[in-house]
Amino acid sequence: MSVREQLFVRTDGSPAEMAGFVAKLIGGRAEVRDQQVWLLVDTARLVPGVDGEFGGPVVAHNSEAAFRPDGEFEAPDAYDVELRLWQAGGRRVEPTTGADIEELAATAVFQALAASADLAVIHVHDDDVLLRAALPGAGSVEFPRGTTIYDWDEDKWNGFVLRPEA
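Under the numbering used here, the first residue of the sequence shown is numbered -14, with each subsequent residue one higher.
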């Protein structure tokens, strides 16, 4: 399975704590698979009428900024935990509308996190497309299609994406 949806969260909590927290929010479960904690939920809880299971591993996210030229960064660099999410055992595209079920499900998880926790969160699609972000006290924003995680798009982020500390 390729990972097409990622949520990055700024938190002092561990991946296991974040998986448990999100599982409670969305009516899913956290379990250990191959020594990694996973978040899993029946897809229908997130996207009504869709079969299958949605989720994936919840892992510590380490910034790669130290390996880039000075001053260069990417949107996920300041976030601590990554949720790698995909659809299993069910369709990934809604046949009549063409809607991307994985993106819809990840958006539902994002919205649950943004509405219920005092956490900074970003939603990345297809490795480098920045779809939305939430900041405590500021709310959330959806970015125009084509906005990337790369620092050259920082002006499009409107201050909703945390910058890595220098």
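Think of the CB as a built atom: it goes at the ideal place given N, C-alpha and C, for glycine as much as any other residue. As the structure is a computational prediction, the values presented were derived from the model and not from experiment.
request  = Sort out for me which residues DSSP pairs Ser101 with in a bridge.
outcome  = Answer is none; Ser101 lacks a bridge partner.
task = Kindly give me the distance between the Cβ atoms of Val26 and Val43, rounded to whole angstroms, as I take these residues to be in contact under 8 angstroms.
result = 12 angstroms between Cβ atoms; not a contact.
request  = Have a look at Asn47, Phe95, Glu38 and flag the residue whose alpha-carbon is nearest the alpha-carbon of Gly74.
outcome  = When only C-alpha atoms are compared, the closest one is Glu38.
query = Under 8 angstroms between the Cβ atoms of Glu87 and Trp71?
reply = Yes, the pair counts as a contact, with Cβ atoms nearer than the cut-off.
key: Range of the contiguous beta strand (DSSP E) that encloses Pro0   = That residue, Pro0, is in no beta strand (DSSP E); its alpha helix (DSSP H) goes 0 to 11.
Sheet register partners of Gly21 (DSSP bridge) = Note that residue 21 corresponds to Gln in the displayed sequence, not to Gly. Gln21 pairs with Arg18.
message = When you compare the CB positions of Leu10 and Leu98, do they come within less than 8 angstroms of one another, or not?
response = yes
message = Assuming the contact rule is C-beta atoms closer than 8 angstroms, Val7 and Val94 should be a hit. Round their C-beta distance to whole Å, please.
response = 7 angstroms
query = How long is the line joining the alpha carbons of Thr133 and Ala51, rounded to whole angstroms?
reply = 20 angstroms
inquiry  = Tell me the rounded alpha-carbon separation between Pro61 and Asp111.
reply    = 14 angstroms
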